[in-house]
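Participant:
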Amino acid sequence: MEFERIKKADPEVSEYIKKELERQQNTIELIASENFTSEAVMAAQGSVLTNKYAEGKPYKRFYNGCENVDKIEEIAQKRCCELFGCNHANVQPHSGAQANMAVFLYALKHGDTVMGMDLSNGGHLSHGSPVNFSGIYFNIVSYGIDGNGEINYDEVEKLALEHKPKLIIAGASNYSKIIDFKRFKEITDKVSALRPEGDRAYLMADIAHIAALVAAGEHPSPVPYADFVTTTTHKTLRGPRGGIIMCKEEHAQGVDKAVFPGIQGGPLEHVIAAKAIALKEALSPEFKEYAKQIIKNAKTLCKTLMAEGIDIVGSDTENHLMTVDLRRLDKTGKDIANELEEIGITANKNTVPNDPKSPFVTSGVRIGVPAATTRGFKENEMIEIGKIIANAIKGTDTKENLREKTLELCKKFPLYPDILC
Ligand code: DSN
Numbered sequence: 134m135e136f137e138r139i140k141k142a143d144p145e146v147s148e149y150i151k152k153e154l155e156r157q158q159n160t161i162e163l164i165a166s167e168n169f170t171s172e173a174v175m176a177a178q179g180s181v182l183t184n185k186y187a188e189g190k191p192y193k194r195f196y197n198g199c200e201n202v203d204k205i206e207e208i209a210q211k212r213c214c215e216l217f218g219c220n221h222a223n224v225q226p227h228s229g230a231q232a233n234m235a236v237f238l239y240a241l242k243h244g245d246t247v248m249g250m251d252l253s254n255g256g257h258l259s260h261g262s263p264v265n266f267s268g269i270y271f272n273i274v275s276y277g278i279d280g281n282g283e284i285n286y287d288e289v290e291k292l293a294l295e296h297k298p299k300l301i302i303a304g305a306s307n308y309s310k311i312i313d314f315k316r317f318k319e320i321t322d323k324v325s326a327l328r329p330e331g332d333r334a335y336l337m338a339d340i341a342h343i344a345a346l347v348a349a350g351e352h353p354s355p356v357p358y359a360d361f362v363t364t365t366t367h368k369t370l371r372g373p374r375g376g377i378i379m380c381k382e383e384h385a386q387g388v389d390k391a392v393f394p395g396i397q398g399g400p401l402e403h404v405i406a407a408k409a410i411a412l413k414e415a416l417s418p419e420f421k422e423y424a425k426q427i428i429k430n431a432k433t434l435c436k437t438l439m440a441e442g443i444d445i446v447g448s449d450t451e452n453h454l455m456t457v458d459l460r461r462l463d464k465t466g467k468d469i470a471n472e473l474e475e476i477g478i479t480a481n482k483n484t485v486p487n488d489p490k491s492p493f494v495t496s497g498v499r500i501g502v503p504a505a506t507t508r509g510f511k512e513n514e515m516i517e518i519g520k521i522i523a524n525a526i527k528g529t530d531t532k533e534n535l536r537e538k539t540l541e542l543c544k545k546f547p548l549y550p551d552i553l554c
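Per this note's numbering, the sequence shown starts with residue 134, numbered consecutively.
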């Protein structure tokens, strides 16, 4: 990182970058969708590649001078196919929401019916929220989760057979159980049989949150079942902020056209280089261990919180996250997330299923361990963190004591010790 140059050019901005580095170093990051990339991933994003226009696909560009970015983008595509075992990868989407938008543009006509998980039950904005393009331009049928915090596949099938959606989305932003992609495919096939000839239903899996767990073989892969698999690259996958679409060969050309010129202009080749580096890292044996540790850490944190009398939606986790349910304690997600921030833990307020409170207040806090696991925390640290969170929620220790404990943990596991500013 070229802090000296930034400082010289813009002391005002550099001061906030410095403060942000210190914030990340001195707090425990439990936002389930965040992570800490390698320094190589960050460096690629600050490289000369940011200067290059490269509209189009590798070797079929609308600009000259693309011989280097062509190679880089091709490497990223190949590594993605190797990691996930897919036929085709488009690594250009600027984000997960844009990856989903491109699939919608390719697969749907305005007004088509789409079925996805309801946002307040753990779905994503781009899976049909009424305030998002997906909910504005398409007819949305939502499914939720049951009292055990699980998808009720029989209910999903019943809804699907009733509404015959053109697109079914399997995936979530806040769901702590393993997703049965095979069952989703069976449901999609049953819907296809009810749709007009030549107009079958499609299945899209959004694995933004669980990408690393899928890549490492810790969770089942949707690739054999789904027409489209979308992901972000910055969550469990630990790369730069961005998106990827994987698909079967039959959809490759259409998906590529939907990304460009459909919804995007010039791809961010500096970010694509960073994606390539992150994908290489994800192909390493160390990354497989990282994915295993994520699950061990999440399970340990979940058990500790429950042993401390804190309710968790679904009373278990099978992935990297969980949602604290504050209803019994009569607290709000907003207050608890703010109180956690005061003691050096960052998490986000989140609705619980059938939440009586608004999305700005909520009755839950979503907690995830990918970033904390990258930092080096293991089961023992998760037990400590669980007790700190429980004490904060129950008000059984002072904020000063709890802040001291989080800071001590951060000091024991330094983050980015070689970055100076
Ligand atoms: N809503 C983001 C999250 O899961 O935090 C993803 O876009």
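Virtual Cβ for every residue (Gly too), placed ideally from N, Cα, C.
1) As a quick check of your reading: which residues have a C-beta less than 5 Å from at least one non-hydrogen atom of the ligand FMN, in chain order?
2) Pull up the distance between the alpha-carbon of Ala230 and that of Lys390, whole angstroms please.
3) Please confirm whether Val236 and Phe393 have their CB atoms less than 8 Å apart.
4) Just curious, the beta strand (DSSP E) that Phe361 is in, first and last residue?
5) Which of the three DSSP states, helix, strand or coil, is assigned to Tyr335?
6) What residues match up with Ser275 in a beta bridge as DSSP calls it?
7) For Met455, which residues does DSSP report across the bridge?
8) Excluding five sequence neighbours on each side, which residues of the same chain lie with their C-beta closer than 6 Å to the C-beta of Leu182?
9) Whole-angstrom Cβ separation of Pro373 and Thr506, contact assumed at under 8 Å?
10) On the premise that Pro353 lies in contact with Phe314, defined as a C-beta separation below 8 Å, what is that separation, rounded to the nearest angstrom?
11) Residues in its own chain within less than 7 Å of Val265 by CB, not counting five upstream and five downstream?
12) Which stretch, first to last residue, makes up the beta strand (DSSP E) that contains Gly304?
13) Nearest by alpha-carbon distance to Met337: which of Glu472, Ala240, Lys185 and Glu188 is it?
14) Among Gly198, Phe195, Asn220 and Pro191, which one has its Cα closest to the Cα of Ile208?
15) Given this structure, state the Cα-to-Cα distance separating Pro486 from Ser253, to the nearest angstrom.
16) Evaluate Leu294 with the Cβ neighbour count: other Cβ atoms within 10 Å of its Cβ, from every protein chain shown; 16 or more gives buried, anything less gives exposed.
17) Should the region 281–293 be called in touch with the region 513–533, which here means at least 3 C-beta pairs below 8 Å?
18) Could you pull out every residue in the same chain whose Cβ sits closer than 8 Å to the Cβ of Asn281, ignoring the five residues on either side in sequence?
19) Can you list, in chain order, the residues of its chain whose CB lies under 8 Å from that of Leu542, leaving out five sequence neighbours each side?
20) Tell me the DSSP bridge mates of Glu162?
21) Indicate the three-state DSSP secondary structure (helix, strand or coil) for Cys199 in the structure shown.
22) Relative to the C-alpha of Asp245, which candidate in Asn223, Ala334 and Ile320 has its C-alpha closest?
23) Leaving out the 5 sequence neighbours to the left and right, which residues in its chain are closer than 7 Å to Met439 when beta-carbon positions are compared?
24) Among Tyr549, Thr484, Asn452 and Ile478, which residue has its Cα nearest to the Cα of Glu537?
25) Which of helix, strand or coil does DSSP assign to Ala345?
26) Have a look at Gly255, Asn483, Gly304 and Asp322 and flag the residue whose alpha-carbon is nearest the alpha-carbon of Ile340.
27) Helix, strand or coil: which one does DSSP assign to His221?
28) Since Gly519 is in the alpha helix (DSSP H), which residue starts that stretch and which ends it?
29) Who does Met175 pair with in a DSSP beta bridge?
30) Tell me the DSSP bridge mates of Gly189?
31) Which first and last residues belong to the alpha helix (DSSP H) in which Gly229 is found?
32) Name the two residues that bound the continuous beta strand (DSSP E) containing Ile284.
Facilitator: Quick answer:
1) This structure does not include the ligand FMN; its bound ligands are the ligand DSN.
2) 17 Å
3) no
4) Phe361 to Thr365
5) strand
6) Gly249
7) Ile500
8) Glu402, His403 and Ala406
9) With a Cβ gap of about 19 Å, Pro373 and Thr506 do not count as contacting.
10) 6 Å
11) According to the sequence provided, residue 265 is Asn. The question's Val does not apply to it. Closer than 7 Å at the Cβ level, and outside the excluded window around Asn265, lie Leu258 and Ser259.
12) Leu300 to Gly304
13) Ala240
14) Pro191
15) 6 Å
16) exposed
17) no
18) Gly447 and Ser448
19) Ile161, Phe510, Glu514, Glu517 and Ile518
20) Thr479
21) coil
22) Ala334
23) Ile445 and Ser448
24) Ile478
25) helix
26) Gly304
27) strand
28) Glu512 to Lys527
29) Met175 pairs with nothing; no bridge assigned.
30) Arg194
31) Gly229 to Ala240
32) Taken as a continuous stretch (DSSP letters only), Ile284 belongs to no beta strand (DSSP E), as it is neither H nor E.
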